Amino acid sequence: MQFEPIDQFAQRRKNLQAIQALGYAAYPHKFDATSSIPQVIGKFQGRDAAELEAQPVSLRVAGRIVALRPHGKAAFLHLAGEGGRLQVYVKLDVVGTSAYEMFRLLDLGDFIGVEGSLFRTKTGELTIRAEKLAFLSKALLPLPEKWHGLADVEIRYRQRYLDLIANEKARDNFRKRALLIAELRRFFDGRRYIEVETPMMHSIAGGATARPFITHHNTYDVPLFLRVAPELFLKRLIVGGMDRVYEINRNFRNEGVGAKYNPEFTMLEFYQAYSDYRDLMDLTDELLASVALLLCGNTTVPFGEHMLDFGRIERLTMHEAIVRHWPPGPAPALTVDALQIAGAPLDIAKEFNDWAVVNGQPRIEVGPQSPDGEIIGQLFEAVAEPNLIQPTTIVDFPRELSPLSKCRADNPALAERFEIFAGGFEIANGYSELNDPEEQERRFQEQVAAGGDEAPKSVDEDYIRALAHGMPPTAGEGIGVDRLTMLLTDSRSIREVILFPLLRPLGSREEAGGPF
RNA sequence: GGGCCGCUAGCUCAAUGGUAGAGCAGUUGACUCUUAAUCAACGGGUUCCAGGUUCGAGUCCUGGGCGGCUCACCA
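My numbering puts the first sequence at residues 1190 to 1705.
Right, dumping it as structure tokens:
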């Protein structure tokens, strides 16, 4: 075993041997701390020097040495643990010659345990005066550079442990993520929901249009797909009488990687019987306000240059959103009525494309055969979506874009569906679930017939049978947990909120293009 | 896959086409209230790789590698 930087690695190994030679175990098994570092700070931050002297506080703490300032026969150091830092004062004539000899062999990054009592230095910092020192573990490799910290994004993602040591923002993002997930569970558990786990390996990749990862099961000798969505299984549970279910788990989509996309991502999906999409919109407004308040202390949270207000989520129809964000270029000004005339979206898309060419924006790909609903969807994505910075619920999706949704009774061209956008991207998608088995079978058959990488290869007959057994009117929704975490931690990239995001394995390009 | 940007000591970064440097980290020494501790000394380089231009290339040119951002598919 040998790692760069080699000279420092060798030096630290030598120091470890010297510590062993003094009679210390190289890798002792445990240390009985009386409190964690944040506990010490939380409990005694308020005590002044006189109080600490009058009523001495003796304790044992352990942590990693993250700063070391030796002064000959005494030294100051900082121990880090559980996200906190505590200063330690080590003095030769207090700890004794033999402990101090070991202390001199310690390096930045090593773990030690300290027993002693609290005092305040002349600058007022709460500090533990070491009376006994325990060697706990050696860092054979140095910590990241202390001034600039760890800035290299690739190392931050590939060696996340270093990021967590060096960057408080990283620690805080993942603490908040855990808090968010705990709050999601509390929120649904308190509303008579049951948390379930459904298969990650599917024999038919259904529930969303996305390219799946393919794997293989040996004993059954069958291909399996990592799930792209849990939707069809959760609705089977509704058929089974579990009227309120939710699942927080991973989905896998064999598609792009980018600032908002990781091939495996965490989704909250929940289904509520005897409800429609409007009920879920109200529920989600409540949910978002409550998690923002919990994580950020306020329903208004900073995101880049913006302040996102999760306390007041505006609702717009897709048509209204297009009209509102219609660029000033293409004339004439657009109206909601104009968008709804049959056949009109194609001409409007052409106007947009003329404008896009002049202004160097990406064009919309439409043809004379494209249904109005599809064009509306594309116009929305091009014109409105990037501008939906404030949390906004979009309703009235074209039915063509919503194969698993019920349509509106008063307008069959529109689905009973909504999506919530914030920060310029989608974070939630919900609808009144289609529970007519014949209609569902017809739509599945269309999907399979249309083909393509993203379509299921066969109809999920068992799901149709389940619907045939009867599913109550139900509304369902998915919320992207990673993306919601991004918004609540002011993170520009999904990689800031996934501990180990997928990166290209080092050296993988050399083998690329092999068997194909 | 396209476009833009980057790659110099372990880390963060300098260096008109003219002897590759600084701070931190490291090593040695001094120092019993420091906190970017201080002071003194020392070691550390295939300037991403391969070609080319040139008397001379970290710098200019061509090709390649790796990474970031971004656009397209995707939540």
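C-beta atoms are modelled at their ideal positions from N, C-alpha and C, and glycine is treated no differently.
Note that the structure is predicted; figures quoted are calculated from it, not measured.
Problem - In DSSP terms, what Tyr1620 is bridged to - result: Arg1606 and Gly1665
Exercise for the section: Within the same chain, show all residues whose beta-carbon is closer than 6 Å to that of Ala1571, passing over the 5 residues directly before and after it, in chain order. Expected result: Ile1553
Handout entry: 3-residue-minimum beta strand (DSSP E) runs that sit fully inside the stretch 1485-1537, ordered along the chain
Key = 1489-1492, 1495-1498 and 1503-1506
Practice task
Decide if Met1496 is buried, meaning its Cβ has at least 16 other Cβ atoms within 10 Å, or exposed.
Solution key: exposed
Practice task
Can you tell me which of the three DSSP states Lys1311 falls into?
Solution key: coil
Exercise for the section: Using the Cα positions of Arg1139 and Ala1481, report the straight-line distance between them to the nearest angstrom. Expected result: Coverage of the chain is limited to positions 1190 through 1705, which leaves residue 1139 absent and any answer about it impossible.
Exercise for the section: Hey, could you find the ends of the beta strand (DSSP E) Ile1254 is sitting in? Expected result: Ser1247 to Pro1259
Handout entry: Cβ pair count under 8 Å reaching 3, the stretch 1636-1647 against the stretch 1370-1384
Key = no
Exercise for the section: Keeping to the same chain, check which residues put their C-beta closer than 8 Å to that of Glu1700; ignore five residues upstream and five downstream. Expected result: Caution is warranted here: a pLDDT of 39 is assigned to Glu1700, below 50, making its placement in the model unreliable, and the coordinate value is therefore given only provisionally. Counting only Cβ-Cβ distances below 8 Å, and skipping sequence neighbours, we find nothing.
Exercise for the section: Taking Phe1363 as part of the beta strand (DSSP E), name the residues at either end of that continuous run. Expected result: Here Phe1363 belongs to no beta strand (DSSP E); instead the alpha helix (DSSP H) covers Glu1357 to Asp1378.
Exercise for the section: Note down the Cα distance separating Ala1222 from Gln1209, rounded to an integer number of angstroms. Expected result: 23 Å
Handout entry: Spatial distance of Phe1705 from Thr1455 (CA atoms)
Key = In this prediction, Phe1705 scores a pLDDT of 23, lower than 50, which makes its location untrustworthy; the coordinate-derived value is nonetheless stated afterwards. Near 32 Å, if we compare the C-alpha coordinates of Thr1455 and Phe1705.
Handout entry: Bridge-paired residues (DSSP) for Met1456
Key = Asn1438 and Gly1669
Practice task
Find out if the Cβ-Cβ distance for the pair Ile1537, Leu1568 is shorter than 8 Å.
Solution key: yes
Practice task
Measuring alpha carbon to alpha carbon, tell me which of Asp1282, Val1555 and Ser1647 ends up nearest Thr1398.
Solution key: Ser1647
Exercise for the section: Pull up the CB-CB distance for Val1434 and Val1385, whole angstroms please, since I reckon it's below 8 Å. Expected result: 5 Å
Practice task
Report all residues from its chain with a CB closer than 6 Å to the CB of Asp1526; omit the five preceding and five following residues, and keep chain order.
Solution key: none
Exercise for the section: Use the C-beta contact count for Met1291: other C-beta atoms within 10 angstroms, 16 or more gives buried, fewer gives exposed. Expected result: buried
Handout entry: Neighbourhood of Gly1566 by C-beta, 8 Å cutoff - its chain only, sequence neighbours within 5 removed
Key = Met1507, Phe1586, Pro1587, Glu1589 and Leu1590
Practice task
Taking all protein chains shown into account, decide if Val1546 is buried (16 or more other Cβ within 10 angstroms of its Cβ) or exposed.
Solution key: exposed
Handout entry: Own chain partners of Phe1363 with C-beta closer than 7 Å, once the 5 adjacent residues on each side are dropped
Key = Leu1688
Practice task
Reducing DSSP to helix, strand and coil, say where Leu1322 ends up.
Solution key: strand
Exercise for the section: Out of Ala1263, Ala1319 and Ile1254, state which residue places its alpha-carbon closest to the alpha-carbon of Asp1299. Expected result: Ile1254
Handout entry: Contact check, Ile1668 vs Met1675, beta carbons under 8 Å
Key = no
Handout entry: Proximity of Leu1332 and Phe1192 at Cβ, strictly below 8 Å
Key = no
Exercise for the section: Tell me, to the nearest whole angstrom, how far the beta carbon of Glu1449 is from that of Arg1672; I am working on the premise that it is less than 8 Å. Expected result: In the sequence as presented, Glu is not what sits at residue 1449; that position holds Lys. Rounded, the Cβ-Cβ distance is 7 Å, consistent with contact.
Practice task
Provide the residue span of the beta strand (DSSP E) that contains Leu1656, from first to last.
Solution key: Looking at the DSSP string, Leu1656 is not in any beta strand (DSSP E); the run it does join, the alpha helix (DSSP H), is Glu1650 to Ala1657.
Problem - Residue range of the unbroken beta strand (DSSP E) whose run includes Arg1684 - result: Neither: Arg1684 is in no beta strand (DSSP E) and is coded neither H nor E.
Exercise for the section: Tell me Glu1304's beta-bridge partners as DSSP assigns them. Expected result: Arg1249 and Lys1321
Handout entry: Coil, strand or helix - Val1547 by DSSP
Key = helix
Practice task
Note down, in chain order, each residue of its chain lying with its Cβ closer than 7 Å to the Cβ of Ile1564, except the 5 sequence neighbours on either side.
Solution key: Pro1534, Leu1535, Ala1538 and Val1555
Handout entry: For Thr1581: DSSP bridge partner residues
Key = Glu1503 and Phe1610
Problem - Which of helix, strand or coil DSSP assigns to Leu1329 - result: coil
Practice task
Run the CB neighbour count on Lys1203, radius 10 Å, all protein chains shown included, and call it buried at 16 or more, exposed below.
Solution key: exposed
Problem - Test item: CB-CB of Arg1400 and Asp1642 under 8 Å - result: yes
Exercise for the section: Return the first residue and the last residue of the alpha helix (DSSP H) that Ile1195 is part of. Expected result: Ile1195 to Ala1210
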